[in-house]
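Colleague: Here the sequence shown stands for residues 188 to 367, numbered as in the working numbering.
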Amino acid sequence: MIYLTTHGSPLKDQNGDIIDIPPKDEADGSDEILVMYDGFENWYSFIWDDLLNFFLGMLQSKGICLIVDSCYSGGFNDDYIVDSIEDISYKSFNEEFGNELLQQNRVILMSSEESTVSYGSYFSFHLIDGFNGIADYLGNNDGINSAEESFNYAQNKIDLLGWQHPTILDNFPGEFPITF
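#1: Checking the sheet assignment: what are the DSSP bridge partners for residue 195?
#2: In its own chain, which residues sit with a C-beta less than 7 Å from the C-beta of residue 342, not counting the 5 before and 5 after it?
#3: Quick one: give me the first and last residue of the alpha helix (DSSP H) that residue 233 is part of.
#4: How is the alpha helix (DSSP H) around residue 325 delimited, first residue to last?
#5: Can you give the Cα-Cα distance for residue 338 and residue 238, rounded to whole angstroms?
#6: What's the call for residue 264, buried or exposed, on a 16-neighbour Cβ count within 10 Å?
#7: Applying the 10 Å Cβ sphere with the 16-neighbour rule, what's the burial state of residue 298?
#8: Taking only three categories from DSSP, how would you classify residue 345?
#9: Whole angstroms is fine: what's the gap from residue 331's alpha carbon to residue 253's?
#10: Using the C-alpha atoms, what's the distance from residue 199 back to residue 226?
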């Protein structure tokens, strides 16, 4: 499990225009970024969604649960699909890059939609409650607190507030176990 909480934003240039850097996969034309520790002092101190996805692709694991609690975090759900490895030489740069970042066995829990802000880590608060057992009790009650059950619990709590809507990308077969 990887948990990231920081400020998030669409990637913009010095004029405030949105930027979509290769592989240019953003439907809205803008990559999403997470601001690093010194990001407000140094404009270049950020990590964008595709770079994070690349690093995650380098991990050797049976599964990854990524939790992103930040504004615009819904943009961290890019899903890459390539038809076959044999056709890769005929694919465009975007599709080749996408193949390298292919997301298998991942579940990504995001505190907001791609185009909305996130408030005060309310998502994390309810997600942790879910991990502590209430989500499984309200879910399938099998004694395993899964990422999906905890997300559903947190999403229901946050949706009641009306101004923030968590999102999920679930490419993990079955449920991703978190706590027992």
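Note that CB positions come from ideal geometry on N, CA and C, so glycine has one too.
Just so you know, these numbers come straight off a predicted model, no measurement behind them.
Modeller: On the basis of the data shown:
#1: 221
#2: 353
#3: No alpha helix (DSSP H) contains residue 233, which is instead part of the beta strand (DSSP E) from 233-235.
#4: 322-325
#5: 24 Å
#6: buried
#7: buried
#8: helix
#9: 18 Å
#10: Residue 199 has its alpha-carbon roughly 14 Å from the corresponding atom of residue 226.
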